[in-house]
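First residue of the sequence shown: 21, per the numbering used here; consecutive thereafter. Glycine residues also receive a C-beta, built at the ideal position from the N, C-alpha and C atoms. No experiment lies behind these values; they were computed from the predicted model shown. Structure first, commentary second.
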Amino acid sequence: MKRVGVLILAALLVVSLVVAGGKQEQKSPGGKKWRIALSNDYAGNSWRQQMLKDWKSVVEKAKAQGLIAEGPAFTTNESSAAEQAAQIQNLILEGYDAIVLNAASPTALNGAVKKAIDAGIPVISFDNAITEPSAYRLLTDFEFYGRSEIEYLATRLPQGGNLLEIRGLAGTYVNDAIHAGIMQGIKKYPQFKIVGEVYGNWTQSVAQKEVAGILPSLPKIDAVVTQGGDGYGAVKAFEAAGRPIPIVFMGNRYDELALWKELKQKTGWDTSSCTISPSVVQIAFWVALEVLNGTDVPKEIKLPPLTIPSDKLDYFLAHTEKGGVASIEYPQSWVKELIQNVKAGKPAPPDPLPK
């Protein structure tokens with residue numbers, strides 16, 4: 021009987037260990053089995069392509085460290101809010117633990133996002149941020165981006181001048197915020213006047229076509245204010261039209277940086293460049309992991325865009341992949357420091373330079 025009792029106790033112990041092991045296999049205290057999905061509305065330009073590469077890179081590193089089970093990326097067609105809302109619903113049904121979101125609309129996805137959050141799935145919104153207050157929002161200061169363009173032009177053209185504005189993708193938060201910043205800058209420096217406006221969709225080919233179409237109707241242009249991915253196309257449109265190349269604010273794309281260096285060497289033409297780094301998606305990933313692991317994370321975190329002044333052109337050109345966008349690798353340690361700084365009311369840590 022004693023032998024039978026011992027065997028029963030041993031069997032119960034094995035069963036309990038298997039059950040405990042099963043629970044740990046599902047989700048360890050360290051978050052080793054977390055499933056984090058990226059919901060992305062658009063992949064039609066070099067910035068978004070680099071963003072997806074940066075997402076893949078951080079997911080592979082986190083998996084290698086045993087921090088997550090998977091981190092797939094899902095991209096909709098045509099930047100459709102309706103399609104992305106359905107996509108989010110599918111991610112809820114598939115049981116993902118967190119959703120990182122680059123949204124097609126600041127408001128149209130709020131309902132789908134709220135459903136995810138009500139289901140216990142945190143949503144971390146970045147780049148094209150949403151307005152749903154229960155989501156975590158990483159907000160690049162895009163108004164600062166727009167203002168900085170006019171601030172730069174005020175140093176180059178203190179007398180002011182005529183501006184052509186190339187906007188981004190209509191209806192998005194980023195497009196609206198950068199435009200608002202440009203208008204704030206013009207209010208401060210009223211010697212500048214926008215005499216033409218086109219939508220370039222943050223894509224060089226679209227920007228070139230749209231600028232070429234409007235140029236014949238425009239007076240002398242002193243500078244072009246942009247939103248990223250459109251500077252190269254703008255310069256090429258002016259060249260094709262046989263018009264003098266004005267100051268064109270660039271957006272950190274490799275082709276823009278290479279063209280800038282070429283023109284600078286040939287003619288002394290100079291400018292500045294700025295945009296959100298595509299690797300902000302890595303910040304969003306690490307924030308999602310921190311939230312899942314129980315860290316107290318502020319609901320809103322503001323990030324400055326990555327600015328490339330003329331004296332840093334060579335460095336960033338050398339560290340940017342051909343066809344890509346200047347990007348910085350954000351490690352988990354940097355994001356942990358960022359969260360602590362935000363909670364303490366301090367600015368973001370200095371950006372780590374590309375290796």
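Thinking just about the alpha-carbon of each residue, which of the options is nearest to the one in residue i?
| i | options | result |
| --- | --- | --- |
| V301 | Q104, R157, A101 and E114 | R157 |
| D117 | A136, D334, A105 and Q107 | A136 |
| K284 | K256, R263, S330 and S293 | S330 |
| A197 | T246, Q224 and Q211 | T246 |
| L177 | L189, F212, F305 and K229 | F212 |
| G205 | A368, S293, E349 and G180 | G180 |
| T315 | W289, P298, Q352 and S59 | Q352 |
| I321 | Q360, E171, L337 and A102 | Q360 |
| Y172 | S297, S293, E349 and V362 | S293 |
| N182 | S225, V362, L235 and E259 | L235 |
| P318 | L159, S297 and Q69 | L159 |
| P126 | G115, A102 and E114 | A102 |
| E341 | A190, V255 and P298 | P298 |
Would you say residue i and residue j are within 8 Å of each other, going by their C-beta atoms?
| i | j | result |
| --- | --- | --- |
| G150 | V307 | Residue identity check: residue 150 is Ile in the sequence provided, not Gly. Not in contact: I150 and V307 (Cβ atoms no closer than 8 Å). |
| A124 | S99 | yes |
| G249 | W75 | no |
| P219 | A174 | Pro is not the amino acid found at residue 219; the sequence shown has Tyr there. No, Cβ-Cβ distance for Y219 and A174 is not below 8 Å. |
| I214 | A243 | no |
| N110 | D61 | no |
| N148 | T192 | yes |
| I186 | A227 | yes |
Work out the CA separation of residue j and residue i for me, nearest whole Å.
| i | j | result |
| --- | --- | --- |
| F269 | A139 | 44 Å |
| K134 | A128 | 11 Å |
| E80 | K73 | 11 Å |
| G50 | L87 | For G50, the pLDDT reaches just 48, beneath the cut-off of 50, and the residue's location in the model is therefore unreliable, although a value from the coordinates is still provided. Looking at the two C-alpha atoms, the distance is approximately 7 Å. |
| P370 | H339 | 18 Å |
| A364 | N195 | 30 Å |
| L333 | L323 | 22 Å |
| R55 | E217 | 43 Å |
| T327 | N130 | 31 Å |
| G42 | A84 | At G42 the pLDDT is 37, less than 50, meaning the model places this residue with poor confidence; the figure from the coordinates comes in the next sentence. For G42 and A84, the distance between alpha carbons rounds to 21 Å. |
| E230 | P142 | 40 Å |
| I112 | A278 | 43 Å |
| A40 | A82 | Low confidence applies here, because A40 scores a pLDDT of 37, under 50, leaving its location unreliable; read the following figure in that light. So the alpha carbons of these two residues sit roughly 24 Å apart. |
| K52 | V311 | Low confidence applies here, because K52 scores a pLDDT of 49, under 50, leaving its location unreliable; read the following figure in that light. About 14 Å. |
| V78 | I241 | 42 Å |
| Q44 | A304 | Only weak support exists for where Q44 lies, its pLDDT of 32 falling under 50; the value from the coordinates is given anyway. If you take the alpha carbons of Q44 and A304, they lie about 25 Å apart. |
| G413 | N221 | The question about residue 413 has no answer here: the residues shown for the chain are numbered 21 through 375. |
| T295 | S168 | 11 Å |
| Q107 | F146 | 17 Å |
| A132 | I119 | 11 Å |
| E349 | M71 | 11 Å |
| S225 | W280 | 17 Å |
| L238 | A257 | 13 Å |
| W289 | N313 | 50 Å |
Quick check on the DSSP output: what are the complete alpha helix (DSSP H) runs of length 4 or more inside the segment 249–286, in order along the chain? 251–260
Using 8 Å as the threshold, is the segment 89–96 in touch with the segment 355–370, meaning 3 or more CB pairs across them? Not touching, per the Cβ criterion.
Would you check if there are 3 or more beta carbon pairs closer than 8 Å linking the segment 331–345 to the segment 259–278? yes
For the segment 195–204 against the segment 159–177, are there 3 or more C-beta pairs whose distance is under 8 Å? yes
At what residue ranges does the segment 38–122 contain a whole run of the alpha helix (DSSP H), taking only runs of 4 or more? 66–84 and 101–113
Give, in chain order, every unbroken run of the alpha helix (DSSP H) that is at least 4 residues long and sits entirely within the segment 298–345. 300–312 and 333–338
For a minimum of 4 consecutive residues, which ranges assigned as the alpha helix (DSSP H) are wholly contained in the segment 111–180? 130–138 and 162–176
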